[in-house]
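S.K.: Here this note's numbering is used: the first residue of the sequence shown is 3, the next is one more, and so on.
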Amino acid sequence: MGTYVLRRLMLVPLTLFLISLLFFFMLRTIPGDFVDFLFAEEGGSGIGQRITGQTGSAEEEWERLVRERYGLADPIHVQYVRWTSHLATGDLGNSYVNQKPVVDVIRERLPATVQLGIMGLIGSVLLGVPLGIVSARFPESKLDNLVRVLSLGGLTTPAFVIAAVIVVVLSTQFYWVTPDFVPFWEDPVTNLSNIAIPAAVVSFTAAAPIMRLTRSQMLEVLGQDYIRTARAKGLAEGSVFYKHALRNALLPVITLIGLSLDRLIAGSVIVEVVFGVNGIGAALVNAAETRDFPVLQAITLLIGAAVLFANLLVDITYGWIDPRIRYD
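1) When the distance is taken between beta carbons, is Leu133 closer than 9 Å to Leu152?
2) Determine the direct distance from the alpha carbon of Arg30 to that of Ala289, and round the result to whole angstroms.
3) Could you please give the first and the last residue of the uninterrupted alpha helix (DSSP H) stretch that includes Asp106?
4) Report yes or no: do three or more beta-carbon pairs, one from the segment 267 to 282 and one from the segment 152 to 172, lie closer than 8 Å?
5) Between the Cα of Asp146 and the Cα atoms of Leu8, Glu239, Phe26 and Met220, which residue gives the shortest distance?
6) Spatial neighbours of Leu315 within its chain, please: C-beta separation below 7 Å, excluding the five flanking residues on both sides.
7) Name, in chain order, the residues that DSSP records as bridge partners for Asn288.
8) From the DSSP output, in three-state form, read off Val280 for me.
9) Indicate the three-state DSSP secondary structure (helix, strand or coil) for Asn96 in the structure shown.
10) Mind listing, in chain order, the continuous alpha helix (DSSP H) runs of no fewer than 4 residues lying wholly within the segment 143 to 187?
11) What is the rounded straight-line gap between the Cα of Asn313 and the Cα of Leu266?
12) Report yes or no: do three or more beta-carbon pairs, one from the segment 86 to 102 and one from the segment 171 to 182, lie closer than 8 Å?
13) Mapping the DSSP letters down to three states, classify Ile197 as helix, strand or coil.
14) Using only the alpha-carbon positions, how far apart do Tyr82 and Gly125 sit?
15) Could you tell me the alpha carbon to alpha carbon distance between Gly58 and Pro103, rounded to whole angstroms?
16) Could you pull out every residue in the same chain whose Cβ sits closer than 7 Å to the Cβ of Gly34, ignoring the five residues on either side in sequence?
17) Might you give, ordered along the chain, the residues of its own chain that have their beta carbon closer than 6 Å to the beta carbon of Ala75, omitting 5 neighbours on each side?
18) Inspect the CB distances between the segment 278 to 285 and the segment 293 to 309 and report whether three or more fall short of 8 Å.
19) Please list the terminal residues of the continuous alpha helix (DSSP H) segment that includes Thr257.
20) Taking all protein chains shown into account, decide if Thr207 is buried (16 or more other Cβ within 10 angstroms of its Cβ) or exposed.
21) I need the DSSP call for Arg69, collapsed to helix, strand or coil.
22) From this set, Leu310, Ile318, Asp317 and Val297, which residue's C-alpha is nearest Val107's C-alpha?
23) Considering only the beta carbon of each residue, do Pro200 and Leu112 sit closer than 9 Å?
24) DSSP three-state label for Ala210, please.
25) Report buried or exposed for Phe19, applying the criterion of at least 16 other Cβ atoms within 10 angstroms of its Cβ.
26) Would you decide whether Met213 is buried or exposed? Buried here means 16 or more other CB atoms lie within 10 Å of its CB.
27) Determine the burial state of Trp333: buried for a count of at least 16 other Cβ atoms within 10 Å of its Cβ, exposed for fewer.
28) If you reduce the DSSP assignment to three classes, tell me which class Arg293 lands in.
29) Just checking my contact of Ala308 with Leu237 at CB under 8 Å: how many whole Å lie between their CB atoms?
30) Measure the alpha-carbon distance for Pro211 versus Leu157 and round it to whole angstroms.
As structure tokens, this is what we get:
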């Protein structure tokens with residue numbers, strides 16, 4: 003196991019390099035950049051004079067000067083080498099929008115996203131696994147039908163639709179307004195009350211596939227020969243269900259939970275925007291709107307690293323739950 007983990011860790015830098023390379027060049031092939039956004043929003047001569055400190059140029063000349071100022075006039079490969087060389091020293095660059103270091107942007111917004119993601123992940127597991135188990139324990143019952151309807155609704159309804167409906171209902175019926183995010187260490191009660199609803203939305207949408215997979219895996223395992231043998235030996239039904247069937251049925255579920263990180267991230271991005279949570283997702287959307295390449299690149303790299311380490315953690319957990327699994 004130790005050798006396998008070491009090999010996987012050695013592949014992380016290469017994988018992140020490929021992610022950064024692909025995303026960097028994809029950004030540059032999309033029409034429009036920050037300079038185009040800037041001139042469309044603020045006009046030519048005024049913004050050009052403010053950024054370059056020069057006067058008397060035509061608008062096309064202003065655009066060229068501003069693009070050179072931000073390094074966007076260089077060939078794409080030159081921009082990439084410059085960015086990666088700074089990245090190697092821990093410098094993620096500055097935001098085009100406010101000239102703030104990208105590290106500071108991430109540091110300010112990361113706590114809200116991490117808390118929302120952790121609460122969403124824990125909530126999805128606590129909701130999805132027990133409901134899937136209960137659904138398999140009493141198949142074709144009213145409870146089973148209810149769980150299947152809930153899981154189907156969570157799978158087919160996007161998180162932003164659920165979030166938007168909740169905001170509309172709460173604001174029109176109860177005059178509720180989206181609160182400002184307060185860090186947990188400043189005011190735990192206010193923090194939890196503010197983030198409870200967004201976390202519930204993320205948990206529900208992430209729990210839907212967990213419910214369905216847990217139920218289907220439990221029913222499949224309960225039909226295996228060794229389960230019938232255990233019942234024939236006179237073992238109690240509870241022992242057969244929870245001790246023998248559950249452990250084997252949970253292996254694919256654990257994989258799904260680990261791989262659901264991308265679903266959690268995708269759901270959190272929109273949920274943060276709808277509920278006004280000042281997190282990484284909101285920063286990502288704002289950066290995409292303004293073509294703030296340094297922020298986009300840094301957040302994408304951060305998300306890629308999180309997904310890679312989550313997958314590694316799933317593999318390690320696999321071996322812990324089932325000692326028969328060994329990695330060569």
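No residue lacks a Cβ here, since even glycine has one placed at the ideal position from N, Cα and C.
Remember, it's a predicted structure, so these values are computed and weren't measured experimentally.
M.R.: On the basis of the coordinates in this document:
1) As a working note, residue 152 is residue 150 in the sequence shown. As a working note, residue 133 is residue 131 in the sequence shown. Yes, these two residues count as a Cβ contact at 9 Å.
2) As a first step, residue 289 is located in the sequence shown; it is residue number 287 there, counting from the start. As a first step, residue 30 is located in the sequence shown; it is residue number 28 there, counting from the start. Ala289 and Arg30 have their alpha carbons spaced roughly 14 Å apart.
3) Position 104 of the sequence shown, counted from the first residue, corresponds to residue 106. Counting along the chain, the alpha helix (DSSP H) containing Asp106 begins and ends at Val104 to Arg139.
4) These segments touch.
5) If you number the sequence shown from 1, residue 146 lands on position 144. Ranking the options by Cα distance to Asp146, first place goes to Met220.
6) Numbered from 1 along the sequence shown, position 313 holds the residue referred to as residue 315. Sequence-distant partners of Leu315 (beyond 5 residues in either direction) whose C-beta falls short of 7 Å from its own C-beta, in its chain, are Gly260.
7) Counting from 1 along the sequence shown, the entry for residue 288 is found at position 286. None, per the DSSP bridge assignment.
8) Your numbering for residue 280 matches position 278 in the sequence shown. For the sequence presented, residue 280 should be read as Asn rather than Val. Shown here, Asn280 sits in coil according to DSSP, grouped into three states, outside any helix or strand.
9) Stepping through the sequence shown from its first residue, residue 96 is reached at position 94. Three-state result, Asn96: strand.
10) Complete alpha helix (DSSP H) runs here, min 4: 144 to 158 and 161 to 175.
11) Residue numbering aside, residue 313 sits at position 311 when the sequence shown is read from its first letter. Residue numbering aside, residue 266 sits at position 264 when the sequence shown is read from its first letter. Rounded to the nearest whole angstrom, the CA to CA distance from Asn313 to Leu266 is 14 Å.
12) Of all C-beta pairs linking the segment 86 to 102 to the segment 171 to 182, fewer than three are shorter than 8 Å, placing the two stretches out of contact.
13) Residue mapping note: residue 197 aligns to position 195 of the sequence shown, counting from 1. In this structure, Ile197 counts as helix in the three-state DSSP scheme.
14) Against the sequence shown, residue 82 aligns to sequence position 80. Against the sequence shown, residue 125 aligns to sequence position 123. Rounded to whole angstroms, Tyr82 to Gly125 spans 40 Å at the Cα level.
15) For the purposes of this step, residue 58 is taken as residue 56 along the sequence shown, with counting starting at 1. For the purposes of this step, residue 103 is taken as residue 101 along the sequence shown, with counting starting at 1. Only weak support is given to the placement of Gly58: the predicted model assigns it a pLDDT of 49, under 50, and the value that follows is read from those uncertain coordinates. When rounded, the distance between both Cα atoms is 31 Å.
16) Here residue 34 refers to the residue found at position 32 when the sequence shown is read from its first residue. If we look at Gly34 and ignore the five residues flanking it on each side, its Cβ neighbours are Arg293.
17) As a position in the sequence shown, residue 75 is number 73, starting the count at 1. If we look at Ala75 and ignore the five residues flanking it on each side, its Cβ neighbours are Arg69.
18) Yes, since at least three Cβ pairs between the segment 278 to 285 and the segment 293 to 309 fall closer than 8 Å, the two stretches touch.
19) Residue 257 sits at position 255 when you count from the first residue of the sequence shown. Annotation for Thr257: the continuous alpha helix (DSSP H) segment containing it runs Leu248 to Leu261.
20) Counted from its first residue, the sequence shown places residue 207 at position 205. It counts as buried.
21) Taking the first residue of the sequence shown as 1, we reach residue 69 at position 67. Secondary structure at Arg69: helix, using DSSP grouped into helix, strand and coil.
22) For this step, residue 107 is matched to residue 105 along the sequence shown. Relative to the Cα of Val107, the nearest Cα in the group Leu310, Ile318, Asp317 and Val297 belongs to Val297.
23) For the purposes of this step, residue 200 is identified with residue 198 of the sequence shown, where counting begins at 1. For the purposes of this step, residue 112 is identified with residue 110 of the sequence shown, where counting begins at 1. Not in contact: Pro200 and Leu112 (Cβ atoms no closer than 9 Å).
24) Position 208 of the sequence shown holds residue 210. Ala210: helix per DSSP, three-state reduction.
25) On the sequence shown, residue 19 is found 17 positions in, with the first residue counted as 1. Phe19 comes out exposed.
26) To locate residue 213, count along the sequence shown from 1; it is residue 211. Its Cβ being crowded by 16 or more others within 10 Å, Met213 is buried.
27) Only positions 3 to 330 of the chain appear in this structure, which leaves residue 333 out of reach.
28) What you label residue 293 is simply residue 291 of the sequence shown in a count that begins at 1. The three-state reading of DSSP puts Arg293 in coil, since its state is none of H, G, I, E or B.
29) Within the sequence shown, the letter at position 306 stands for residue 308. Within the sequence shown, the letter at position 235 stands for residue 237. Going by Cβ atoms, the distance from Ala308 to Leu237 rounds to 42 Å, so no, they are not a contact pair.
30) Taking the sequence shown and counting its residues from 1, one reaches residue 211 at position 209. Taking the sequence shown and counting its residues from 1, one reaches residue 157 at position 155. Roughly 7 Å between the two C-alpha positions.
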